[in-house]
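Student:
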Amino acid sequence: MIRDVEVLVIGGGPAGLCAAAAAASLGAHVLICERDYVPGGQLVKQTHKFFGSEKQYAGDRGIAIGRRLIEEAHQNPNIEVLTEATVIGIYEDGIVTVFHRNQHIKIRPKRTIITTGASEKFLAFPGNDLPGIYGAGAVQTLMNVAGVKPAEKVLMVGAGNIGLIVSYQLLQAGVEVVGIVEAAPRIGGYLVHASKIRRAGVPILTGHTVKEAYGKDKLEGVIVCKLDEKFQQISGTEQDIPCDTLCLAVGLTPLTELCWQAGCEMAFIRELSGHVPLVDENLETTVPGIYAAGDVSGIEEASSAMVEGRLAGYAAAGSLGYEPEKAHERREAAAAELSELRSGPTGEKILAGLEKTAAKLAARKGEAKGC
Amino acid sequence: MLIQTGIPSAEDILTVTPSEERFAKGPVAIAECFQKIPCNPCMMACAKKAIRVEPDINQTPRVDFDVCNGCGVCLTRCPGLAIFIVDKTYSDTEALIKLPFEFLPLPKEGQLACGLNRAGEEMGWFPVVKVIPGSKTNKTCTICLAVPKDLAMEVRNIRAGGYQDGR
């Protein structure tokens with residue numbers, strides 16, 4: 001049996017929940033497929049307060065924002081949330097297949113919003129397969145979701161926002177953080193996060209990398225060394241740092257498998273952290289009716305992911321004929337919010353990336369006209 | 372440098388420090404926020420409109436020291452925990468500083484806590500005058516610490532735990 005759905009949202013994280021709420025607010029019926037046991041995505045473990053403006057709930061903690069979005073989704077009669085539902089295929093005839101609690105479900109959506117988020121990158125170094133070496137996300141899940149103290153003594157790799165925030169949360173959990181190693185010559189995350197953990201006594205070693213990890217059956221320590229301006233290791237600068245856990249926070253990459261499978265035109269955009277689907281001003285991909293919002297179309301903050309979700313939700317519902325004027329108005333407001341969030345120095349990178357995708361999209365349209 | 376170490380420099384701090392004349396008038400908020408990031412809850416928190424993040428949310432906050440009365444609402448609201456209240460009129464020898472704090476255990480009023488500077492270095496043991504618990508949703512606590520006046524612009528944290536009883 002094939003189930004007909006008006007708007008299918010793939011992924012119940014910040015972008016997906018906001019996309020669903022936006023589309024449902026205009027009257028569209030939405031089904032959210034979330035592969036986890038609970039919706040909320042990364043919000044369920046973000047115990048820190050969010051940046052941004054009131055419109056993105058700034059000053060509230062990520063967990064509280066998640067709770068609010070989930071509650072709103074559950075209370076909205078136009079939204080159905082399917083958990084433990086992994087979307088495994090988008091086919092040429094528009095059928096989407098879902099693996100849900102040991103069952104194979106087929107869905108025929110009129111519109112699909114892909115909000116699958118991102119996955120963590122890994123780092124190559126000798127010994128990186130030792131037990132005790134984690135992605136920062138896993139450590140954060142253990143601590144903040146499962147309530148498990150993940151380590152006694154941690155070395156963090158990466159001084160972007162995730163590395164800085166997870167280091168702070170490790171300290172809050174009573175774990176010793178011996179330092180943060182960052183290959184770049186500068187701290188990449190927000191400096192207020194860096195200052196917060198620095199004044200708790202955690203050194204941040206910029207221009208350093210992991211040379212190797214060692215240990216007999218599990219991690220016992222890490223050799224770090226300095227890097228020159230060409231990111232080459234400088235011999236003689238090695239430092240032995242004993243620790244039981246090494247936490248990697250070396251960036252995210254968009255989770256785009258479904259976009260590829262759906263036939264969306266993709267491009268590698270460095271500023272957006274990997275291969276991303278080309279999307280237009282409505283966040284619609286080159287496959288009509290399929291939208292992409294949040295980290296899947298470029299790694300950015302959760303606040304922007306939520307606004308992107310809303311934008312795609314309004315656009316999708318509007319295109320189905322639900323209050324087109326209101327949809328347009330709200331879409332414009334969301335676009336203005338995004339511009340505001342991205343207007344400062346921290347938004348430069350993402351804007352450069354988006355410019356590249358826009359250029360590629362324009363070139364593609366030009367080609368289509370030519371033939 | 373701040374961007375390499377996370378420690379604001381003396382010059383950075385000077386750019387956000389009120390005059391001694393202003394300090395002599397009572398408590399005041401100091402926003403140690405030096406990077407243009409999209410964020411403005413401090414502005415929204417201030418009932419007196421003493422904090423401006425203008426013309427857009429990517430600017431760093433500017434505190435109007437003549438309007439600010441050091442109430443401390445912005446301190447708990449700031450997502451970056453970058454706002455501190457300093458009252459140099461607390462006593463003849465001591466200043467009262469208010470710090471945002473998110474660690475357990477919390478100190479008790481009257482206990483001594485180990486004060487840390489912006490690099491996390493120990494600055495001495497100082498009496499905890501008051502502990503203001505965080506609100507149900509916000510959760511950030513405020514620690515009021517009495518420090519010698521010359522350390523009012525140095526102490527910015529306390530070590531969690533190991534608090535000592537009595538002066």
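If you're matching them up, the sequences are chains S and G in order. If you're matching positions, the first sequence starts at 1 in this note's numbering and goes up one per residue. If you're matching positions, the second sequence starts at 372 in this note's numbering and goes up one per residue. Ideal Cβ placement from N, Cα and C applies to all residues, glycine included. Here the structure is a predicted model, which means the values were calculated and not measured.
1) Using only the alpha-carbon positions, how far apart do residue 98 (chain S) and residue 388 (chain G) sit?
2) Is the Cβ-Cβ distance between residue 187 (chain S) and residue 204 (chain S) less than 8 angstroms?
3) Consider the Cβ of residue 241 (chain S): report whether some Cβ of chain G lies at a distance smaller than 8 angstroms.
4) Under three-state DSSP, which class holds residue 319 (chain S)?
5) Taking 7 angstroms as the cut-off, is the CB of residue 478 (chain G) close to at least one heavy atom of the ligand COA?
6) Within 8 angstroms of any Cβ in chain S, is that where the Cβ of residue 421 (chain G) sits?
7) Residue 35 (chain S): which of S:19, S:82, S:45 sits nearest, CA to CA?
8) Taking the C-alpha atoms as reference points, what is the distance between residue 395 (chain G) and residue 527 (chain G)?
9) Here's a check: name, in chain order, each residue in its chain whose Cβ is nearer than 7 angstroms to the Cβ of residue 405 (chain G), leaving out the five neighbours to either side.
10) Around the C-beta of residue 134 (chain S), are 16 or more other C-beta atoms found within 10 angstroms, so that it is buried, or is it exposed?
11) Could you tell me the alpha carbon to alpha carbon distance between residue 11 (chain S) and residue 330 (chain S), rounded to whole angstroms?
12) Per the DSSP calculation, residue 266 (chain S) is bridged to which residue(s)?
13) Taking the CB atoms as reference points, tell me whether residue 322 (chain S) and residue 124 (chain S) lie closer together than 8 angstroms.
14) Go through its chain and collect everything with a Cβ distance to residue 121 (chain S)'s Cβ below 6 angstroms, but skip five positions before and after it.
15) I need the boundaries of the beta strand (DSSP E) containing residue 203 (chain S), first residue and last residue.
16) Span of the beta strand (DSSP E) holding residue 486 (chain G)?
17) For the beta strand (DSSP E) that residue 254 (chain S) lies in, which residues bound it at each end?
18) Can you find a CB in chain S that lies within less than 8 angstroms of the CB of residue 429 (chain G)?
19) Determine the chain S residues that contact residue 410 (chain G) at a beta-carbon separation under 7 angstroms, and present them in chain order.
20) Does residue 194 (chain S) come within less than 8 angstroms of chain G when only Cβ atoms are used?
21) Using 8 angstroms as the cut-off, can you tell me whether the segment 208-217 of chain S makes contact with the segment 176-184 of chain S, which would need three or more C-beta pairs spanning the two stretches below that distance?
22) Assuming contact is defined by CB atoms lying nearer than 8 angstroms, are residue 402 (chain G) and residue 454 (chain G) in contact in what I supplied?
23) Please report the Cβ distance between residue 142 (chain S) and residue 148 (chain S), rounded to the nearest whole angstrom; I am assuming they are in contact, meaning their Cβ atoms lie under 8 angstroms.
24) Determine the closest residue to residue 529 (chain G) out of G:503, G:483, G:510, G:411, with distance taken between C-alpha atoms.
25) What does residue 4 (chain S) pair with, by DSSP beta-bridge criteria?
26) Which of the three DSSP states, helix, strand or coil, is assigned to residue 378 (chain G)?
27) Let me know if residue 414 (chain G) comes out buried or exposed under the rule of 16 or more other beta-carbons within 10 Å of its beta-carbon.
28) Does residue 444 (chain G) come out as helix, strand or coil in the three-state DSSP assignment?
29) Residue 420 (chain G) to residue 473 (chain G), Cα distance in whole Å?
30) For residue 136 (chain S), which residues from the same chain have a beta carbon less than 8 angstroms from its beta carbon, with the 5 sequence-adjacent residues on both sides left out?
31) Below 9 angstroms between beta carbons is the criterion; list the residues of the segment 327-347 of chain S that meet it against any residue of chain G, in chain order.
Tutor: Once the coordinates are examined:
1) Residue 388 (chain G) has its alpha-carbon roughly 58 angstroms from the corresponding atom of residue 98 (chain S).
2) It is a contact, given that the beta carbons lie within the stated cut-off.
3) Chain G has no Cβ within less than 8 angstroms of the Cβ of residue 241 (chain S).
4) The answer is helix: DSSP assigns residue 319 (chain S) an H, G or I state.
5) This structure does not include the ligand COA; it has no bound ligands of any sort.
6) With 8 angstroms as the cut-off, residue 421 (chain G) does not count as an interface residue toward chain S.
7) The candidate whose alpha carbon is nearest that of residue 35 (chain S) is S:82.
8) The straight-line gap from Cα to Cα measures roughly 20 angstroms.
9) Taken in chain order, the residues that qualify are 373, 379, 383, 431.
10) Counting Cβ neighbours within 10 Å, residue 134 (chain S) comes out buried, since at least 16 surround it.
11) Looking at the two C-alpha atoms, the distance is approximately 22 angstroms.
12) Residue 266 (chain S) is bridged to S:277.
13) With contacts defined by Cβ atoms closer than 8 angstroms, residue 322 (chain S) and residue 124 (chain S) do not form a contacting pair.
14) Non-local C-beta neighbours of residue 121 (chain S) in its own chain, meaning closer than 6 angstroms and more than five positions away in sequence, comprise 250, 251, 253, ordered along the chain.
15) Run containing residue 203 (chain S): none; DSSP gives neither H nor E here.
16) 483-487 is the extent of the beta strand (DSSP E) around residue 486 (chain G).
17) Residue 254 (chain S) -> beta strand (DSSP E) spans 252-254.
18) At least one chain S Cβ lies under 8 angstroms of residue 429 (chain G).
19) Going along chain S in sequence order, the residues near residue 410 (chain G) (Cβ under 7 angstroms) are 51, 52, 58.
20) Yes, residue 194 (chain S) counts as interfacial toward chain G.
21) Segments in contact, yes.
22) Residue 454 (chain G) sits close to residue 402 (chain G), with the two beta carbons spaced by under 8 angstroms.
23) Yes, they are in contact, since the Cβ atoms of residue 142 (chain S) and residue 148 (chain S) sit about 5 angstroms apart, within 8 angstroms.
24) Out of G:503, G:483, G:510, G:411, G:483 has the C-alpha closest to the C-alpha of residue 529 (chain G).
25) Listed as beta-bridge partners of residue 4 (chain S) by DSSP are S:108.
26) Correct three-state label for residue 378 (chain G): coil.
27) Residue 414 (chain G) should be labelled buried.
28) In the structure shown, residue 444 (chain G) falls within a helical segment according to DSSP collapsed to helix, strand and coil.
29) Cα to Cα, the separation comes out at about 26 angstroms.
30) So the list reads 120, 156, 158, 162, 163, 166, 247, 248, 249, once near-sequence residues are dropped.
31) Residues passing the 9 angstroms Cβ filter: 340, 341, 342, 343, 344, 345, 346, 347.
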